[in-house]
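J.: Take a look at this one; I'll ask things after.
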Amino acid sequence: MASSATLLSTFSSSAQYLINGMSCSDKQRSLLLIRPISALSEKPSPSKTTALPMREIPGDCGLPFIGPMKDRIDFTYKQGRYEFFKSRIQKYDSTVFRTNVPPGPFISPDPKVVALLDGKSFPTLFDVSKVEKRDLFVGTFMPSTDLTGGYRVLSYLDPSEPNHGKLKQLIFFVLTYRRDRVIPEFQSTFSALFGSLETELSSKGKAEFGPLNEQASFNFLARAFFGADPGKTKLGTEAPGLIGKWVLWQLGPILTLGLPMLVEELLLRTFPLPTFLVKRDYQKLYDFFYQVSGPVLEEAERLGISREEACHNLIFAICFNSFGGMKIFFPTLMKSIGRAGSKLHLQLAEEIRSAIEANGGKVSIRAMEEMPLMKSVVYEAFRLDPPVPFQYGTAKEDMVVESHDAAFAVKKGETLFGFQPFATRDPRMFERGEEFVPDRFVGEEGGKLLRHVLWSNGPETESPTVANKQCAGKDFVVLAARLFVVELFRRYDSFGIEVGRSSLGVAVTVTSLKRASF
Ligand code: HEM
């Protein structure tokens with residue numbers, strides 16, 4: 165758990181980073197940590213003894229094959245995921261119930277889960293003393309390890325497995341060893357993105373944000389973490405396309421691509437896509453990462469990880485975890501801020517520009533600390549639309565899980581599942597939980613709510629460690645999201661968008677950009 169003091173230690177230039185001798189992951193991380201609005205250390209966790217009435221877990225998974233197929237069609241096509249869960253909460257009068265989740269036959273051996281759909285029961289999924297997180301990263305199935313060089317990469321490992329700690333420590337190293345480069349590389353890659361948006365907007369009247377964001381995000385990650393410019397290597401601008409295909413091979417069984425239902429069912433959800441079809445694409449990514457990550461591979465050897473295993477883990481952490489997260493989250497940020505309208509835009513522009521001016525005209529961690537509305541807007545976007553909405557865990561022991569209204573006995577070996585927006589929009593924790601409220605996290609009272617912001621697979625007031633499964637990049641991601649909003653409103657007074665759907669998140673088209681007038 166992070167104390168306020170730990171959270172205060174930031175990227176501050178006085179913090180001297182020493183690569184050699186930094187074996188303690190907490191030390192490494194403490195250099196990266198950024199300060200939330202107000203750090204509280206209250207930990208929501210289910211208790212063993214309960215004052216709540218015990219209730220049998222309602223819900224019925226139906227007959228084998230037929231039940232999972234019906235639930236899959238309802239979830240994916242007929243109802244959609246929000247209505248799927250909402251209608252069952254109403255039917256069972258409970259936020260905890262049994263159901264099947266996609267994909268089911270024939271990809272997932274057992275799609276039966278106990279769904280936890282409120283802010284009180286959901287955090288059970290973070291308690292690694294009670295749940296095992298082995299091979300559950302993307303759902304009740306695990307993609308072939310042929311897609312990750314034959315290795316079970318970090319995201320699939322439970323903290324009880326010896327490799328988990330070593331690999332997570334390596335990722336903490338990646339996140340810190342070039343930390344001084346993060347802000348400048350972000351500024352240069354994203355100012356190029358805004359330049360391209362403007363050019364496209366003036367020639368076509370509108371500009372798709374997604375493709376430009378993907379290119380900028382990959383370039384930023386490669387430059388910030390490895391000091392490498394993909395455009396100057398054999399990889400060129402290919403990475404977003406290669407990663408998109410590789411991710412499809414992994415997430416296909418739970419995605420919708422907008423194709424007719426029968427086609428998708430046959431193509432994506434009947435058998436895994438053959439891995440040899442993506443081998444060459446993956447090799448290109450491998451060659452790039454192997455070539456640019458020398459110091460990281462040396463650190464890996466020092467930690468007792470082979471260069472090869474380290475490189476496959478780097479690909480996953482950068483291309484799946486980081487690039488995938490930015491690909492989903494930045495359009496979400498644009499959507500939420502764009503829809504909030506020009507009054508909020510003006511407030512953000514004023515706050516951001518005056519804080520920069522008061523800090524010598526430079527964007528810095530310190531200057532961003534003086535932007536409470538900007539920070540709140542970022543947390544609010546994470547709360548409303550957590551980029552990775554599904555979480556899973558297997559009960560390690562018989563246990564009791566509490567919702568607000570009842571307690572439920574879960575048996576060892578059962579799969580627990582959460583659809584995070586139902587926890588982070590829980591009306592008993594957040595007033596107007598379904599709405600984007602830009603200043604929700606401003607001030608002391610607002611800061612107290614941060615413990616219910618869970619996008620990183622843990623409360624925002626806690627920190628990733630080698631012993632938990634919280635996102636290793638939590639603080640880096642918050643920093644990047646803050647930088648995105650800062651760069652946006654340094655450059656523009658306001659902007660207009662159209663929002664559509666995409667297989668992962670939203671598709672944003674920029675329709676207007678009003679250049680900074682003050
Ligand atoms: C917007 C961007 C990101 C989002 C939304 C995100 C979200 C998440 C979530 C939800 C998990 C937990 C998944 C689970 O086990 O159920 C996770 C794990 C992880 N993330 Fe992130 N992440 C992002 C960026 C990053 C970055 C920048 C890095 C590092 C460079 C990173 C590295 C990891 C790693 C290594 C894990 C596995 C942790 C473990 O096994 O203990 N992520 N991330």
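Those letters in the sequence shown? Residues 165 to 682, by my numbering. Even glycine gets a Cβ: it sits at the ideal position worked out from N, Cα and C. Values in this document were obtained by computation on a predicted structure and should not be read as measured data.
On the DSSP bridge list, what partners appear for Met218?
T.: Ala571
J.: Is Ile407 buried or exposed, if buried means 16 or more other CB atoms sit within 10 Å of its CB?
T.: buried
J.: Per DSSP, Glu296 forms a beta bridge with which residues?
T.: Thr558
J.: DSSP three-state label for Arg678, please.
T.: According to the sequence displayed, residue 678 carries Lys and not Arg. In this structure, Lys678 counts as strand in the three-state DSSP scheme.
J.: Would you check whether the ligand HEM has a heavy atom nearer than 6 Å to the C-beta of Ile683?
T.: Absent from the model: residue 683. The displayed extent of the chain is 165 to 682, so no value can be given.
J.: Classify Ala519 as helix, strand or coil using the three-state DSSP reduction.
T.: The answer is helix: DSSP assigns Ala519 an H, G or I state.
J.: Considering only residues of the same chain and omitting the five flanking positions on each side of Leu668, which have a CB-CB separation below 6 Å?
T.: So the qualifying residues of the chain are Ile492.
J.: Quick one: residues in its chain with C-beta nearer than 8 Å to the C-beta of Asn377, no 5 flanking neighbours on either side, listed in chain order?
T.: Leu357, Met490, Lys491, Phe494 and Pro495
J.: Just curious, the beta strand (DSSP E) that Ile469 is in, first and last residue?
T.: Run containing Ile469: none; DSSP gives neither H nor E here.
J.: Give the straight-line distance between the Cα atoms of Lys405 and Glu609, rounded to the nearest whole angstrom.
T.: For the sequence presented, residue 405 should be read as Gly rather than Lys. Taking the straight line joining both Cα atoms gives about 44 Å.
J.: Could you give the first and the last residue of the continuous beta strand (DSSP E) run that contains Tyr656?
T.: Tyr656 to Arg665
J.: So, using beta-carbon positions, are Leu467 and Leu339 closer together than 7 Å?
T.: no
J.: By the 10 Å Cβ neighbour count, where 16 or more other Cβ atoms means buried, how is Arg447 classified, buried or exposed?
T.: Note that residue 447 is Gln in the sequence shown here, rather than Arg. That one is exposed.
J.: Any heavy atom of the ligand HEM inside 6 Å of the beta-carbon of Gln555?
T.: yes
J.: Is Lys539 buried or exposed, if buried means 16 or more other CB atoms sit within 10 Å of its CB?
T.: buried
J.: Quick one, which of Val260, Thr259 and Asp274 has its alpha-carbon nearest Pro266's?
T.: Asp274
J.: Would you kindly work out how many angstroms separate the C-alpha atoms of Phe648 and Phe354, rounded to a whole number?
T.: Note on geometry: alpha-carbon atoms of Phe648 and Phe354 lie some 8 Å from one another.
J.: Looking at the ligand HEM, does it come within less than 6 Å of Leu216, judged from the CB to the closest heavy atom?
T.: Of the heavy atoms belonging to the ligand HEM, none sits nearer than 6 Å to the Cβ of Leu216.
J.: With respect to 6 Å, is the separation between the Cβ of Leu318 and the closest non-hydrogen atom of the ligand HEM below this value?
T.: Relative to the ligand HEM, the beta carbon of Leu318 is positioned inside 6 Å of a heavy atom.
J.: Going by beta carbon distance, what residues of the same chain come within less than 8 Å of Glu325, once the five residues before and after it are set aside?
T.: Arg298
J.: Are the beta-carbon atoms of Met535 and Glu521 separated by less than 7 Å?
T.: no
J.: To the nearest whole angstrom, what separates the beta carbons of Gly557 and Glu247, a pair I think is in contact under 8 Å?
T.: In fact, because the Cβ distance is near 25 Å, the residues do not count as touching under 8 Å.
J.: Mind checking whether the beta-carbon of Lys332 lies closer than 6 Å to any heavy atom of the ligand HEM?
T.: yes
J.: Going by alpha carbons, who is nearest to Thr401 out of Leu548, Ala386 and Leu412?
T.: Of the candidates Leu548, Ala386 and Leu412, the one whose C-alpha sits nearest the C-alpha of Thr401 is Ala386.
J.: On the criterion of 16 or more Cβ atoms from any shown chain inside 10 Å, does Ile479 qualify as buried, or is it exposed?
T.: buried
J.: Output the residue ranges of the alpha helix (DSSP H) runs that lie fully inside the region 561-618 and measure 4 residues or longer, sorted by chain position.
T.: 585-588 and 607-612
J.: Pull up the DSSP beta-bridge partners for Phe261, would you.
T.: Ala279
J.: Could you check the C-alpha separation between Glu651 and Ala545 for me, to the nearest Å?
T.: Using only the alpha carbons, I get a separation of about 17 Å.
J.: Is it the case that the region 305-312 contacts the region 437-452, given that we only count it when at least three CB pairs across the two stretches are under 8 Å?
T.: yes
J.: Check whether the region 278-288 touches the region 577-597, counting contact only when three or more Cβ pairs, one atom from each stretch, lie closer than 8 Å.
T.: yes
J.: Kindly indicate which residue of Thr625, Ser620, Glu624 and Ala645 has the alpha-carbon position closest to the one of Cys635.
T.: Nearest option by C-alpha distance: Ser620.
J.: According to DSSP, is Thr240 part of a helix, a strand, or is it coil?
T.: helix
J.: Residues in its own chain within less than 6 Å of Leu508 by CB, not counting five upstream and five downstream?
T.: If you ignore the 5 residues before and after Leu508, its C-beta comes within less than 6 Å of the C-beta of Pro602, all in its own chain and listed in chain order.
J.: Is the beta carbon of Leu281 sitting closer than 7 Å to the one on Thr304?
T.: No, they are not a contact pair.
J.: Is Cys483 a contact residue of the ligand HEM, with contact defined as CB to any heavy atom under 6 Å?
T.: no
J.: For Leu668, which of helix, strand or coil comes out of DSSP?
T.: coil
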